[in-house]
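Visitor: Per UniProt numbering, the very first residue in the sequence shown carries number 1; after that it's consecutive. Beta carbons: idealized from backbone N, C-alpha and C, even for Gly. Below you will find the structure I want to go over with you.
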Amino acid sequence: METNIQRGRVIAVYGNYYRLLTEKEEVLAQLSGKLFAQTKDGIGLPAVGDWVEFQLLDYQKGMIQQIEPRKSKFSRKIAGSQSDEQLIASNIDYLFVVTSLNDEFNLRRLERYFAAKQTNVEIVVVLTKADCCSNLDYYLVPLYELTTNIIVTGFGTNEGIKKIADYLKFGKTGAFVGSSGVGKSTLVNRLLQTEKMLVADIRLEDSKGRHTTTHRELISLPTGGYIIDTPGMREFQLFENSELDSTFQDIIELSATCRFNDCRHESENGCAVKAAIQSGELAESRLLNYVKLQRELAFQERRRKQKERLKNKRKNTR
Ligand SMILES: Nc1nc2c(ncn2[C@@H]2O[C@H](COP(=O)(O)OP(=O)(O)OP(=O)(O)O)[C@@H](O)[C@H]2O)c(=O)[nH]1
Ligand SMILES: [Mg+2]
Ligand SMILES: [Zn+2]
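Laid out in structure tokens, this is it:
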């Protein structure tokens with residue numbers, strides 16, 4: 001008989017250990033053998049943001065029995081050559097894509113985040129370091145084409161921080177994602193009004209961050225909401241096609257008016273996409289990014305199918 005079953009939320013993962021937050025305390029837990037076996041097909045291991053049921057064993061120690069179904073998630077393809085999914089945060093309402101108002105800003109990378117957007121998650125772009133930027137419009141004008149969910153922050157003003165806090169009302173969860181050094185942990189500290197998270201200067205040589213944050217962590221906020229801080233991403237590849245087409249709706253609409261149905265928008269006659277590039281209506285880099293993302297997803301789809309076939313083969317020969 002299992003007694004003392006409680007509900008908790010994964011706030012950090014350390015190897016095989018999971019730090020859980022309950023209403024009363026923090027608990028360090030491991031997976032039950034049964035759950036570990038189940039995680040091998042389907043749901044995967046618990047991720048930061050997951051709600052779990054666990055058995056309280058001992059003083060602040062526990063055994064996780066079950067992962068509650070995820071309402072939403074944000075994942076990418078794991079870094080490197082494999083095509084598996086890496087869950088970055090689960091049960092989030094808002095994905096705050098953080099980017100700074102300097103050379104780090106990259107519209108093509110932002111498009112990638114929008115293309116990877118997953119169900120039940122709203123994306124908000126947070127532009128940091130406004131205090132060091134004298135040409136805000138240079139960044140804002142092209143960004144408006146992609147989204148109007150934009151928050152501008154910087155040292156010397158609390159306005160942006162207040163807007164972020166407004167999203168993270170009681171029970172709501174957000175995650176900060178973006179490159180190293182853009183100021184994700186600084187935002188967490190400002191939301192908390194304490195220096196909880198370690199932050200570090202970016203490198204002088206190339207203005208890149210130092211990968212200061214090394215673990216994903218969920219933090220409770222005074223508003224009753226939660227924020228997940230994540231390490232800066234070096235590489236961010238799409239895991240599955242969810243919002244690719246809606247992110248590039250303009251190109252899809254243009255393609256529909258190309259003379260040939262199978263137009264590759266390269267050198268075909270009557271190509272509406274090329275015409276839009278020539279007239280300045282569409283940025284060529286946007287088209288190239290779309291094609292690149294499509295290829296990336298097609299490649300992973302092939303890898304996944306290959307893997308699936310191998311798995312079935314093994315099953316059948318067992
Ligand atoms: N001027 C200015 N500097 C900022 C701002 N926000 C953050 N910084 C600085 O940027 C540097 C990097 O900040 P972090 O918060 O460590 O960046 P991070 O995104 O958490 O980086 P990783 O943990 O490596 O992913 C620090 O020196 C911060 O003080 C801002 O709004 N204005
Ligand atoms: Mg950090
Ligand atoms: Zn075309």
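(1) Considering residue 33, what are the terminal residues of the beta strand (DSSP E) in which it resides?
(2) Less than 8 Å separating the Cβ of residue 197 from some heavy atom of ligand 2?
(3) In this structure, how does DSSP classify residue 114 when only helix, strand and coil are distinguished?
(4) Helix, strand or coil for residue 167? Go by DSSP, reduced to three states.
(5) Can at least three beta-carbon pairs, one atom from the stretch 189-197 and one from the stretch 213-226, be found at a separation below 8 Å?
(6) Roughly how many angstroms separate the alpha carbons of residue 9 and residue 64, rounded to a whole number?
(7) What is the residue span of the alpha helix (DSSP H) that residue 57 lies within?
(8) Under the DSSP definition of a beta bridge, which residues are partnered with residue 85?
(9) Label residue 54 either buried or exposed according to how many other C-beta atoms from any shown protein chain fall within 10 Å of its C-beta, with 16 as the threshold for buried.
(10) For the alpha helix (DSSP H) that contains residue 264, what are its first and last residues?
(11) Output the residues surrounding ligand 3, defined as those with a CB atom closer than 5 Å to any ligand heavy atom, in chain order.
(12) Taking residue 27 as the reference, which of 36, 306, 34, 12 has the closest Cα?
(13) Given the structure, does residue 124 come close to ligand 1, in the sense that its CB is under 8 Å from one of the ligand's heavy atoms?
(14) Please classify residue 174: does DSSP put it in a helix, a strand, or coil?
(15) Using CA atoms only, rank isn't needed, just tell me which of 280, 105, 227, 14 is closest to residue 165.
(16) Leaving out five residues on either side along the sequence, give the residues of the same chain with a beta carbon under 8 Å from the beta carbon of residue 112.
(17) Just to confirm my understanding: we take residue 1, look at its own chain, exclude 5 residues before and 5 after, and list those with CB closer than 8 Å. What are they?
(18) Please determine, among 269, 56, 296, 133, the residue with the shortest C-alpha to C-alpha distance to residue 4.
(19) Quick check: is any heavy atom of ligand 2 less than 8 Å from the C-beta of residue 201?
(20) From this set, 184, 66, 225, 46, which residue's C-alpha is nearest residue 75's C-alpha?
(21) Measure the beta-carbon distance from residue 184 to residue 124 and round it to whole angstroms, keeping in mind my assumption that it falls under 8 Å.
(22) Leaving out the 5 sequence neighbours to the left and right, which residues in its chain are closer than 7 Å to residue 296 when beta-carbon positions are compared?
(23) Just how far apart, CA to CA, sit residue 229 and residue 23?
(24) Considering only their Cβ atoms, is the gap separating residue 200 from residue 49 smaller than 9 Å?
(25) If you run the structure through DSSP and keep just helix, strand and coil, what is residue 278?
(26) Have a look at residue 157 and residue 60 and give me their C-alpha separation to the nearest angstrom.
(27) Taking only runs of the alpha helix (DSSP H) that begin and end inside the UniProt domain "EngC GTPase" (90-234), which ones reach a length of at least 4 residues, in chain order?
(28) Taking DSSP's pairing of strands, which residues face residue 8 in a bridge?
(29) Whose C-beta lies closer than 7 Å to the C-beta of residue 304 among residues of the same chain, with five residues either side of it excluded?
Guide: In short, the structure shows the following:
(1) Per DSSP, residue 33 belongs to no beta strand (DSSP E); it is in the alpha helix (DSSP H), 33-39.
(2) Yes; taking the cut-off as 8 Å, the Cβ of residue 197 has a heavy atom of ligand 2 nearer than that.
(3) The three-state reading of DSSP puts residue 114 in helix, counting H, G and I together.
(4) Of the three classes helix, strand and coil, the one that applies to residue 167 here is helix, per DSSP.
(5) They touch, by the three-pair rule.
(6) Each residue's alpha carbon lies about 11 Å from the other.
(7) Residue 57 -> not in any alpha helix (DSSP H); beta strand (DSSP E) instead, spanning 51-58.
(8) The partner list for residue 85 (beta bridge, DSSP) reads 77.
(9) Residue 54 comes out buried.
(10) No alpha helix (DSSP H) holds residue 264; DSSP gives it neither H nor E.
(11) Counting every residue whose Cβ lies closer than 5 Å to a heavy atom of ligand 3, we get 258, 263, 265, 271, 273.
(12) Out of 36, 306, 34, 12, the CA that lies nearest to the CA of residue 27 is found in 12.
(13) It does not: the Cβ of residue 124 is nowhere closer than 8 Å to a heavy atom of ligand 1.
(14) In the structure shown, residue 174 sits in a strand (DSSP, three-state: E or B).
(15) Minimum Cα distance to residue 165 is reached at 227.
(16) Result list for residue 112: 236, 238, 289, 293, in chain order.
(17) Only weak support exists for where residue 1 lies, its pLDDT of 49 falling under 50; the value from the coordinates is given anyway. Closer than 8 Å at Cβ, skipping near neighbours: no residue.
(18) Comparing Cα positions, the closest option is 56.
(19) No - ligand 2 has no heavy atom lying nearer than 8 Å to the Cβ of residue 201.
(20) Of the candidates 184, 66, 225, 46, the one whose C-alpha sits nearest the C-alpha of residue 75 is 46.
(21) Rounded, the Cβ-Cβ distance is 13 Å, inconsistent with contact.
(22) So the qualifying residues of the chain are 237, 238.
(23) The C-alpha of residue 23 is placed about 21 Å away from the C-alpha of residue 229.
(24) Contact: no.
(25) Note: residue 278 maps to helix in three-state DSSP.
(26) So the two alpha carbons sit approximately 40 Å from each other.
(27) Those alpha helix (DSSP H) runs which fall completely within the UniProt domain "EngC GTPase" (90-234) and span 4+ residues are 107-115, 136-144, 159-167, 184-192.
(28) Paired residue(s): 52.
(29) Counting only residues of its own chain and dropping the five nearest sequence neighbours on each side, residue 304 has a CB closer than 7 Å to the CB of 83.
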